[in-house]
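Here my numbering is used: position 125 in the sequence shown is 125, and no number is missing along the way. Ideal Cβ positions, reconstructed from N, Cα and C, are used throughout, including at glycine.
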Amino acid sequence: MQETKNEMKIKVLDPFKDGKTLWLGLEKPELNQIRKVFQLITPETVGSKHIMAGITIFAPGEASSLHNHPESEEMDVVIRGSGEVVDANGNRRSFKEGDYMFIPEGEYHQHVNTGDEPLWLLWCYSPQGYLPKD
């Protein structure tokens, strides 16, 4: 009798090949909030139930919109580049390659690339949240 192997449930993903690619901020280019997003860990891409994760790439000078994730905590890891995170009160805190950020549930925030090279930001929400619409 031949033994049947179960299919491996662990996924190894290439963000640039396996991720769902989105462009955000194209509707209002004058705001300089254009960025490319690669959604990697989602219910649609891998069947995740509790987390959502991906990478956002910001060109020098670009930023996200000021946004929040009402029911999710967020963890960010700076893979490449540097910048600032801004809160709803205009407070700014610098970050650099290798830094981690924790953003509490519902906290408004904006990521800004203040460096001279692309900013690669790995993000993770739990429970699953939604990307900003702009």
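Figure out for me which residue from the options has the closest Cα to the Cα of residue i.
i, options, result
"ASP116", "GLU105, GLU62, VAL77", "GLU62"
"SER82", "LEU121, LEU22, GLN128, GLY25", "LEU121"
Kindly list the residues whose CB is nearer than 8 Å to the CB of residue i, restricted to its own chain and excluding five residues on each side of it in sequence; keep chain order.
i, result
"GLU73", "PHE102, ILE103, PRO104, GLU105, TYR125, SER126"
Helix, strand or coil: which one does DSSP assign to residue i?
i, result
"LYS96", "strand"
"GLU117", "coil"
"THR21", "strand"
"LEU138", "Given that the chain is displayed from residue 1 to residue 134, the structure contains no residue 138 and the question cannot be resolved."
"GLU84", "strand"
"VAL46", "helix"
"GLU105", "coil"
For residue i, which residues in the same chain have their Cβ closer than 7 Å to its Cβ, ignoring the five residues on either side in sequence?
i, result
"SER64", "GLN33, ARG35, GLN110, HIS111, PRO132"
"TRP123", "ALA53, GLY54, THR56, GLU74, ASP76"
Who are the near neighbours of residue i in its chain, counting only those whose CB is closer than 6 Å to its CB and skipping five residues on each side?
i, result
"TYR108", "LEU66, ASN68, ALA88"
"LEU13", "LEU40"
Checklist entry - Counting Cβ pairs closer than 8 Å, one from the region 30-46 and one from the region 86-102, do we hit at least three? => result Because the criterion of three Cβ pairs below 8 Å is not met, the region 30-46 and the region 86-102 do not touch.
Next on the checklist: With a threshold of 8 Å, are at least 3 pairs of Cβ atoms found where one atom belongs to the region 85-92 and the other to the region 49-59?
Outcome noted: Output reads no: the region 49-59 does not touch the region 85-92.
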